[in-house]
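Number of protein chains: 2
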Amino acid sequence: MRIGELAKAAGVSVRSLRYYEEQRLLTSTRSPSGQRHFRDADIDRVGFIQRLYAAGLSSRTITELLPCVDAPSETTSDAAMERMEQERERLSAHIEELVRTRDALDVLMATNRAHRKTLRRATAA
Amino acid sequence: MRIGELAKAAGVSVRSLRYYEEQRLLTSTRSPSGQRHFRDADIDRVGFIQRLYAAGLSSRTITELLPCVDAPSETTSDAAMERMEQERERLSAHIEELVRTRDALDVLMATNRAHRKTLRRATAA
DNA sequence: CTTGCCTCTGACATTGATGTCAGGTTTTAG
DNA sequence: CTAAAACCTGACATCAATGTCAGAGGCAAG
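Chain order of the listed sequences is A and B.
Going by the UniProt record's numbering, the first residue of the first sequence is number 1, and it counts up by one from there.
Going by the UniProt record's numbering, the first residue of the second sequence is number 1, and it counts up by one from there.
Okay, structure coming up:
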């Protein structure tokens, strides 16, 4: 599978895939002429990477976690496990904060809706 | 209240406060010598701004929403209401995605924990 | 063979909030 | 009064993922 095909399948840009490889998040074999060749499994892998990016993890952190995806059968380093715990906690905190922000937004919207209603009534009168 | 005091009270840098003002998220009166002077209410305002930033809103978007906080008694423009709905939806989607990512992380951790246990047993034997 | 599309490397640009530095003025404490 | 600390403006730096461009080579179809 060449890079363009993977890009389309995973819904990311070719540029991003090259970047992921550069960051050692992705590996490719090279054809004699130097073109990258990816495996089917890389589609899911890219999806997972994107998900982690969206969750605010950095390339560096993802690099630390991916070995656990690749080879869960080998000894997962204590450092990696700790990193995962850490990121999970960070994620939970972030989620909670977002929920609180959404609530704040809801209050704001309710307040403004109420005022608009008041205004409409006044205008009608 | 001078800028340093507000910075400390709100837990942000002086630099950020100047930036917020530049972005019209914050207003200050100036002393004769040109120093900024803020109101107590700005502590909460900065907190809210930070919360929205953390939720991924841009300065531009926040600028559109803040009038609704300042003057909910005036006519809240349809555009602003729509913007709020929009951001709320975006926020919800993001939260959901984060939760899914956290779940994925949980699965990953469980898998690795299981393998570690297996390994320990093998080592012990 | 040629045309068109894909790929390669390498480099520079972008975005947005913030850090940092410089050089100068103001305020505050001793 | 003086020195330290806080403030001012303006400018440049940063980080990270991605866009974009340039110049060159690869590969399939007509």
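We put the beta carbon where it would ideally sit given N, CA and C, even for glycine.
- Between Arg15/B and Arg36/B, the CB-CB gap reaches or exceeds 8 angstroms.
- The DSSP-derived three-state label of Thr61/A is helix.
- A Cβ of chain B is located within less than 8 angstroms of the beta carbon of Thr76/A.
- Shown here, Thr29/B sits in a strand according to DSSP, grouped into three states.
- Short of 7 angstroms from the beta carbon of Ala55/B, and not among the five residues preceding or following it, lie these beta carbons of its own chain, in chain order: Leu91.
- Below the 7 angstroms Cβ cutoff, chain B contributes Arg102 as neighbours of Ser92/A, in chain order.
- CA-to-CA, the gap between Ser13/B and Leu26/A works out to about 38 angstroms.
- When the Cα atoms are used, Ala104/A and Ser31/A turn out to be separated by approximately 54 angstroms.
- In summary, Ala93/A is exposed, with fewer than 16 beta-carbon neighbours lying within 10 Å of its beta-carbon over all protein chains present.
- Judged by beta-carbon spacing, Asp44/B lies beyond the 8 angstroms limit of Leu6/B, meaning their Cβ atoms are not closer than that value.
- With 16 or more neighbouring CB atoms inside 10 Å of its own CB, Thr101/A falls in the buried class.
- In the DSSP annotation of this structure, the continuous segment of the alpha helix (DSSP H) that includes Ser16/A starts and ends at Val14 to Glu22.
- Ranked by Cα distance from Ser58/A, the first of Asp106/A, Arg24/A and Asp70/A is Arg24/A.
- Measuring C-alpha to C-alpha distances from Ala10/A to each of Ser33/A, Thr29/A, Glu97/A and Gly47/A identifies Gly47/A as the nearest.
- Ranked by how close their Cα comes to the Cα of Ser77/A, the residues Leu65/B, Arg113/B and Glu85/B have Arg113/B in first place.
- Here the alpha carbon of Leu108/B sits roughly 26 angstroms from the alpha carbon of Arg18/A.
- In summary, the residues of the UniProt domain "HTH merR-type" (1-68) of chain B whose CB is separated from some CB of chain A by less than 8 angstroms are Phe48, Arg51, Leu52, Ala54, Ala55, Leu65 and Cys68, in the order they occur in the chain.
- Here Glu64/A is not near Arg88/A, since their CB atoms are 8 angstroms or more apart.
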